[in-house]
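Residue numbers (the numbering used here): 13 to 385.
Pasting the structure below:
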């Protein structure tokens, strides 16, 4: 169920016009959060398979039987995942395995972007060519990554389990810099010259992407939910004190805070001009300019994972999965619903006029008029 403010208050995102367009039952619980491209949503299931559904109607397109140990990532027509001893690439259209590379004990979802795949097997990092799986370089880090790598430009960034953050040159694996923070961090948000890291010491850190120098930090009342998101002027993030915050990108000064009734499942998603936050039983839309509530979608049951968003022309704009508390695992595609057809008038509105009586009593002013002095 979608609850939105009046049309005059809505932003340009179509989130406020979404409703359930299709649903499908899952035969197995989720292993990790889904991923999506412009045509399909990919669901890693605990039963040992990747399921691909059409975003247009929720129909099953293919299913690949694999002993998964991690979730999936998607880039350029490939789906990447890992088993206990391999990193694999699947064809996004058919589910066929395109290549597989030996890598034991992969610690996070393989990261894929711009033709690169970066995966970590313990402290050992492999950079693969996405097209054919060729290993371009290997690098042993001081500690294992704590979250997937974030690839931006010619750098790959990751938080390590020892509390440090490392930046690697994506071309050859050279360590560009490594800095140690007071506590371990979650996934890194990397955009141009800035990194954002939410850590378990209740701080969001802003680092210079060139050398790792700290620019500022902001304290919350609980651990920060990664990743953060930014729009060029502000950075937005959620924390386990059930608050979404907006900070100035340059100075770190807080611009607004938005309390939530239930705990966020992850950081917010920037959907055009709305921030959308996945909580336990709803998707909440917040206006980035001032943090006011724009609307919310109440899920049919408690969410099992954060919503995954797809491009505007992809059929379903968002996909949610429920079933963690009920055992009835279902996936829903949220689509822009058509406007209801206009209902013809059966009678002209207003009170009927009598030809023998004036519409207004004698001497009464006309509507909208004022008496002259």
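Glycine included, every Cβ here is placed at the ideal spot set by N, Cα and C.
Worksheet item: Does the beta-carbon distance from residue 133 to residue 118 come in below 8 Å?
Response: Position 121 of the chain shown holds residue 133. Position 106 of the chain shown holds residue 118. Their beta carbons are under 8 Å apart, which means residue 133 touches residue 118 by this criterion.
Worksheet item: Under 8 Å, do residue 403 and residue 318 count as touching if we go by C-beta distance?
Response: Because the chain in this structure spans residues 13 to 385, residue 403 falls outside the shown range and cannot be described.
Discussion item. Here's the rule I'm using: 16 or more other beta-carbon atoms within 10 Å means buried, otherwise exposed. How should residue 144 be labelled?
Written reply: Stepping through the chain shown from its first residue, residue 144 is reached at position 132. Exposed, since its Cβ has fewer than 16 Cβ neighbours within 10 Å.
Worksheet item: With C-beta atoms as the reference, is residue 171 less than 8 Å away from residue 159?
Response: Here residue 171 is taken as the residue at index 159 of the chain shown, counted from 1. Here residue 159 is taken as the residue at index 147 of the chain shown, counted from 1. Going by C-beta atoms, residue 171 is nearer than 8 Å to residue 159.
Fill in: Stretch pair the segment 125 to 132 + the segment 61 to 73: three plus CB contacts closer than 8 Å
no
Worksheet item: Is the Cβ-Cβ distance between residue 263 and residue 276 less than 8 Å?
Response: Counting from 1 along the chain shown, the entry for residue 263 is found at position 251. Counting from 1 along the chain shown, the entry for residue 276 is found at position 264. Not in contact: residue 263 and residue 276 (Cβ atoms no closer than 8 Å).
Item to complete: Out of 96, 116, 84, state which residue places its alpha-carbon closest to the alpha-carbon of residue 102.
Response: To locate residue 102, count along the chain shown from 1; it is residue 90. Nearest option by C-alpha distance: 84.
Practice prompt. Compare the C-alpha of residue 185 against each of 336, 130, 146, 213 and name the closest.
Written response: Counting from 1 along the chain shown, the entry for residue 185 is found at position 173. Selected option, being the one with the closest Cα: 130.
Worksheet entry | Where residue 349 falls: helix, strand or coil (DSSP) | For the purposes of this step, residue 349 is taken as the residue at position 337 of the chain shown. It is coil, neither helix nor strand.
Worksheet item: Can you list, in chain order, the residues of its chain whose CB lies under 7 Å from that of residue 104, leaving out five sequence neighbours each side?
Response: The residue you call residue 104 lines up with position 92 of the chain shown. Here the set comprises 49, 52, 86, 89, 90, 91.
Worksheet item: Just curious, the beta strand (DSSP E) that residue 260 is in, first and last residue?
Response: Taking the first residue of the chain shown as position 1, residue 260 is located at position 248. 255 to 260 is the extent of the beta strand (DSSP E) around residue 260.
Worksheet entry | Continuous beta strand (DSSP E) assignments of at least 3 residues falling wholly in the segment 158 to 240 | 162 to 164, 167 to 171, 176 to 181, 187 to 192, 197 to 203, 206 to 211, 215 to 220, 226 to 231
Item to complete: In the DSSP assignment, find the beta strand (DSSP E) that holds residue 307 and state where it starts and stops.
Response: As a first step, residue 307 is located in the chain shown; it is residue number 295 there, counting from the start. Where residue 307 is concerned, the enclosing beta strand (DSSP E) stretches over 305 to 310.
Discussion item. Counting beta carbon pairs with one atom in the segment 250 to 262 and one in the segment 277 to 286, are three or more of them shorter than 8 Å?
Written reply: yes
Item to complete: List the whole-angstrom C-beta distance separating residue 47 from residue 320, where the pair is believed to meet the contact cut-off of C-beta under 8 Å.
Response: Along the chain shown, one-based indexing puts residue 47 at 35. Along the chain shown, one-based indexing puts residue 320 at 308. About 6 Å separates the two Cβ atoms, so the contact holds.
Worksheet item: Where residue 136 and residue 304 are concerned, what is the direct C-alpha to C-alpha distance, given to the nearest angstrom?
Response: The count along the chain shown starts at 1 and reaches residue 136 at position 124. The count along the chain shown starts at 1 and reaches residue 304 at position 292. C-alpha separation (whole angstroms): 45 Å.
Fill in: Member of 79, 245, 173, 323 whose CA lies at the smallest distance from the CA of residue 197
Taking the chain shown and counting its residues from 1, the one referred to as residue 197 is at position 185. The option with the nearest alpha carbon to residue 197 is 173.
Practice prompt. Measure the C-alpha to C-alpha separation of residue 274 and residue 235 and round it to an integer number of angstroms.
Written response: The sequence position of residue 274 within the chain shown is 262, counting from 1. The sequence position of residue 235 within the chain shown is 223, counting from 1. Cα-Cα distance, rounded: 15 Å.
Worksheet entry | residue 111: first and last residue of the uninterrupted beta strand (DSSP E) it sits in | As a position in the chain shown, residue 111 is number 99, starting the count at 1. First-last of the beta strand (DSSP E) with residue 111: 109 to 114.
Discussion item. Does residue 39 pass the burial test, meaning 16 or more other C-beta atoms within 10 Å, or should it be called exposed?
Written reply: For the purposes of this step, residue 39 is identified with residue 27 of the chain shown, where counting begins at 1. Result: exposed.
Item to complete: Run the CB neighbour count on residue 284, radius 10 Å, all protein chains shown included, and call it buried at 16 or more, exposed below.
Response: Residue 284 sits at position 272 when you count from the first residue of the chain shown. Counting Cβ neighbours within 10 Å, residue 284 comes out exposed, since fewer than 16 surround it.
Worksheet item: Cα-Cα, which of 242, 241, 272 is closest to residue 254?
Response: Start at 1 with the first residue of the chain shown, and residue 254 comes out as number 242. Per the Cα distances, 272.
Discussion item. According to DSSP, is residue 28 part of a helix, a strand, or is it coil?
Written reply: Taking the chain shown and counting its residues from 1, the one referred to as residue 28 is at position 16. Residue state, collapsed to three classes: helix.
Worksheet item: Run through DSSP, which three-state label would residue 119 get?
Response: What you label residue 119 is simply residue 107 of the chain shown in a count that begins at 1. Residue 119: coil per DSSP, three-state reduction.
Item to complete: Can you say whether residue 326 is buried or exposed, counting buried as having 16 or more other CB atoms within 10 angstroms of its CB?
Response: Indexing the chain shown from 1 puts residue 326 at position 314. Residue 326 should be labelled buried.
Worksheet item: In the DSSP assignment, what are the bridge partners of residue 98?
Response: Here residue 98 refers to the residue found at position 86 when the chain shown is read from its first residue. Bridge partners of residue 98: 114.
Worksheet item: Short check: CB of residue 5 to CB of residue 82, under 8 Å?
Response: Within the shown structure, residues of the chain are numbered from 13 to 385, placing residue 5 beyond reach of any answer.
Discussion item. Using C-beta distances below 6 Å, list every residue in its chain close to residue 149, excluding the 5 sequence neighbours before and after it, in chain order.
Written reply: Position 137 of the chain shown holds residue 149. For residue 149, where only same-chain residues beyond five positions count, the Cβ hits under 6 Å are 139, 184, 185.
Worksheet item: What are the boundary residues of the beta strand (DSSP E) that includes residue 265?
Response: Here residue 265 refers to the residue found at position 253 when the chain shown is read from its first residue. No beta strand (DSSP E) contains residue 265, which DSSP labels as neither H nor E.
Practice prompt. Look at the Cβ atom of residue 286, then the Cβ atom of residue 299, and state whether they are nearer than 8 Å.
Written response: Here residue 286 refers to the residue found at position 274 of the chain shown. Here residue 299 refers to the residue found at position 287 of the chain shown. Closer than 8 Å, so yes.
Worksheet item: For residue 345, which residues of its own chain have a beta-carbon under 6 Å away from its beta-carbon, when the five flanking residues on both sides are left out?
Response: The residue you call residue 345 lines up with position 333 of the chain shown. These residues qualify, in order along the chain: 33, 34, 70, 328, 331.
Worksheet item: Span of the beta strand (DSSP E) holding residue 51?
Response: As a position in the chain shown, residue 51 is number 39, starting the count at 1. Here residue 51 belongs to no beta strand (DSSP E), and DSSP marks it neither H nor E.
Discussion item. Tell me the DSSP secondary structure of residue 106 in three-state form.
Written reply: Sequence index remark: in the chain shown, residue 106 carries index 94 (1-based). Looking at residue 106 - three-state DSSP - the assignment turns out to be coil, as it is neither helix nor strand.
Worksheet entry | Reduced DSSP category for residue 334 - H, G, I as helix; E, B as strand; rest coil | Taking the chain shown and counting its residues from 1, the one referred to as residue 334 is at position 322. Note: residue 334 maps to strand in three-state DSSP.
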